[in-house]
Amino acid sequence: MSILSLNNIEKNFGAIQALIGVSFDIKEAETVGLMGDNGAGKSTLLKIIAGNFKPSGGEIKFENNTVAFEKPIDARKSGIEVVYQDLALCNHLTAASNVFLGREIQKGIWPFKYLDYPAMFKKSSELFEELKSETRPKDLVMQMSGGQRQAVAIARTRLTNPKLVLMDEPTAAISVRQVAEVLDLIKRLKDQGIAVMLISHRMPDIFEVCDKLVVLRRGEKVCEKNIKDSSTEEATGLITGAIDRV
Amino acid sequence: MSSVKFNQEIISKTEKNLFQKLVSEQSFWVTIALFGICFIMFFVEDAFSSKDNLFNITRNFSFIGIMAIGMTFVIITAGIDLSVGSIMGVTGVICGLLLDAQFLPEWYSKASYFEGVYVWVSIILALLAGILIGAVNGYLIAYLKLSPFVVTLGMMAAARSLALVVSNNKMFYEFGPKDEMFYEIGGGSMLGLANATWLLIFLTIVMGLVLKYTSYGKHVFAVGSNKKAAELSGINIRWIEMSVYMISGLFAAISAVMIVGWMGSVTNALGYTYELRVIAATVIGGANLMGGVGGTFGAFIGAALMETIRNSLLMAGIDPYWQGTFLGLFIVGAVWLEKVKNKKN
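Taken in order, these protein sequences are the chains called A and C.
So the first sequence is residues 1 to 246, counted in my numbering.
So the second sequence is residues 1001 to 1345, counted in my numbering.
In structure tokens form, the structure reads like this:
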């Protein structure tokens, strides 16, 4: 059963056609790798699904309902979480505070509501444990490695049992060892039955964790096939345009 | 290779214990410096440790400290409020005008003189005026996205001129039949400390708890640390930004009411150049002008350190004309210290 169906999604910014009739489905617990050159429309598509932009045309169905998100928070409420490229973390706050940012656990009755730190520390250390990450809830994000920051960003998506997690270049700008850590985190999400859409420039990452490959070129979908039936050579050809489409 | 090593280093680090946390706080070192100065002065100058002088010092820094608590909220969001001195001036004048019934219609004084109701009405209206001016600052900054520096610089001029308009350049010193009650609020003392000092202590604790233990406080830090991230988390960043300027305006007004009660009179020059001292106290206490860092205890201790140094210099016989130079040095020094600390991290 597909959890997300994109049907003829169009997006133009003025005269520029960023997306032209893009359609594909993401099934439950499926990991889809979205590839394409710079400016191919990957991030635009992610932002449309996440509610940052509205599509100029086409239809999005999430869990068989047609949806039109006004703001990112609407998408989140429906069960779509996003890990942004720049991670969207607050450096001066602890890992736990970042995980719970905007949805803190509180005790007491208004106007005497206060933050329940023990509960937040406990829950976030459970989430880090589930992701098999060494991140400590009380550490400031400022002091963390790239891999640990990714763990915080991903742990955040696990707060609400989302149906779909969108990830924008989670392995860009981190070391090799940390890439392996992050790919493990993505596999964990899959184990939990969560669908993932992964945008990446790194071919090996996509081929290691994804079930399906979707390639965009100049706003058009040029490929949608199982990873098993594709190869890095084919993907490179599709991205660059050496292979027109399959 | 280097990043792998770096990662190992982080993993091997254990969580900070209470002592390590303490020494990493600027306010801790400022407290040490404060005690150091007091210790030296205790031996060098007999008059310093006299009961009267200590009472004076604590009362004097309380007015700045109260405003610095409001400023702390603004600076945590990476903003600045240059208008606090002028807000103090205009709200002080409003309070004085309302207390001085000869400028008001007779029916008002007749109705409100009963049981000193007019005293409370005057105080509350002055506080509301502070919140309102802060709201104007906040609206322009948060919703029209103008720079905090420019908006509050403009308000600094506008509020000072409003103080002149409202007061018509007169001094207010007659505070009606229950004036004793008003003097007592601002100028009284309990258990050897001025009321203003007790109020400062109370507000430091309450607002400190708000920052640490409420989601509002957490969101104030989040806005200062990474506005974009805060917005993506569904936090109403516009409201948070606007509200901190309202808090700053309110605290300037609270300080104004207290200082007018203590002095027993008010002119439109009240609070002139106070913004500098308030910002200095906040920054010396460890609030970072880049946002995301700060606390009410820092504001308290920063104000205390500045007043103690000022008092010590006076006692040491240094010409008071030099005070501005020291103030300037402190502000620049505190920011420089912050920079050195960040480099080390």
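Where is the CB? At the ideal position from N, CA and C, for every residue including glycine.
- In the same chain as Met1041 of chain C, and ignoring 5 residues on each side of it, the C-beta atoms closer than 6 Å to its own belong to Phe1048, Ser1312, in chain order.
- In this structure, A:Ser200 is the residue among A:Thr94, A:Ala95, A:Ser200 with its C-alpha nearest to the C-alpha of Asn38 of chain A.
- Chain C has no Cβ within less than 7 Å of the Cβ of His201 of chain A.
- In this structure Arg245 of chain A is exposed. Its beta-carbon is surrounded by fewer than 16 other beta-carbon atoms within 10 angstroms.
- The C-beta distance from Glu30 of chain A to Ala195 of chain A rounds to 5 Å, short enough to meet the 8 Å contact threshold.
- 7 Å or more divides the Cβ of Asn98 of chain A from the Cβ of Val179 of chain A.
- Distance between Leu1191 of chain C and Leu1199 of chain C, taken at the CA atoms: about 13 Å.
- Taking Thr1152 of chain C as reference, the option from C:Phe1175, C:Ile1075, C:Ser1109 with the minimal CA-CA separation is C:Ile1075.
- Nearest to Glu1338 of chain C by alpha-carbon distance, out of C:Leu1018, C:Phe1019, C:Ser1024, is C:Ser1024.
- Residue-level contact by beta carbon fails for Leu1327 of chain C and chain A, as no gap is shorter than 7 Å.
- According to the DSSP assignment, Asp184 of chain A belongs to the alpha helix (DSSP H) that extends over 176–191.
- Around the CB of Ala18 of chain A, 16 or more other CB atoms lie within 10 Å, so the residue is classed as buried.
- One alpha carbon belongs to Lys138 of chain A, the other to Gln1020 of chain C, and they sit about 14 Å apart.
- When beta bridges are read from the DSSP output, Leu19 of chain A appears opposite A:Lys11.
- Membership of Asp168 of chain A in the beta strand (DSSP E) is indicated by the continuous run 164–168.
- Contiguous beta strand (DSSP E) elements confined to the stretch 1104–1188 of chain C do not occur, taking only those with 3 or more residues.
- Distance from the Cα of Glu208 of chain A is smallest, within the candidate group A:Leu216, A:Glu220, A:Val182, A:Arg217, for A:Val182.
- Sequence-distant partners of Phe121 of chain A (beyond 5 residues in either direction) whose C-beta falls short of 8 Å from its own C-beta, in its chain, are Ala96, Pro137, Lys138.
- Taking 8 Å as the upper bound for CB-CB distance, Lys113 of chain A and Pro55 of chain A are not in contact here, some 39 Å apart.
- For Pro72 of chain A, the C-beta contacts it makes with chain C under 7 Å involve Leu1232, in order along the chain.
- Between Gly79 of chain A and Leu198 of chain A the beta-carbon gap is near 18 Å, outside 8 Å, which marks them as no contact.
- Put simply, the backbone Cα of Gly1208 of chain C is about 28 Å away from that of Leu1270 of chain C.
- Closer than 7 Å to the CB of Gly1208 of chain C there is not a single CB belonging to chain A.
- Assigned with DSSP and collapsed to three states, Asn161 of chain A falls in coil, not helix or strand.
- In the structure shown, Lys107 of chain A falls within a strand segment according to DSSP collapsed to helix, strand and coil.
- Between the stretch 209–218 of chain A and the stretch 228–245 of chain A there are three or more C-beta pairs closer than 8 Å, enough to call the two in contact.
- At a C-beta separation below 7 Å, Phe1035 of chain C has no neighbours in chain A, since its nearest C-beta there lies roughly 28 Å away.
- When C-beta atoms of the stretch 46–60 of chain A are compared with those of the stretch 227–241 of chain A, fewer than three pairs fall below 8 Å, so the two segments do not count as touching.
- Contact annotation: the stretch 1278–1285 of chain C touches the stretch 1059–1070 of chain C, with at least three C-beta pairs closer than 8 Å.
- The way I'd put it, the stretch 1284–1293 of chain C doesn't touch the stretch 1118–1137 of chain C; fewer than three beta-carbon pairs between them come closer than 8 Å.
- Within the same chain, Cβ atoms closer than 7 Å to the Cβ of Ala1142 of chain C are found at Arg1238, Glu1241, Met1242, the five residues on either side in sequence being excluded.
- Fully contained in the stretch 15–61 of chain A are the following beta strand (DSSP E) runs of length 3 or more, in chain order: 16–27, 31–35.
- By the Cβ rule, the stretch 1252–1261 of chain C counts as touching the stretch 1083–1102 of chain C, because three or more pairs are nearer than 8 Å.
- Among the bridge pairs identified by DSSP, Leu1193 of chain C is matched with C:Met1190.
- Look at Ile1235 of chain C: its C-beta is under 7 Å from a C-beta on chain A.
- At the C-beta level, Leu1146 of chain C and Leu1140 of chain C come within 7 Å of one another.
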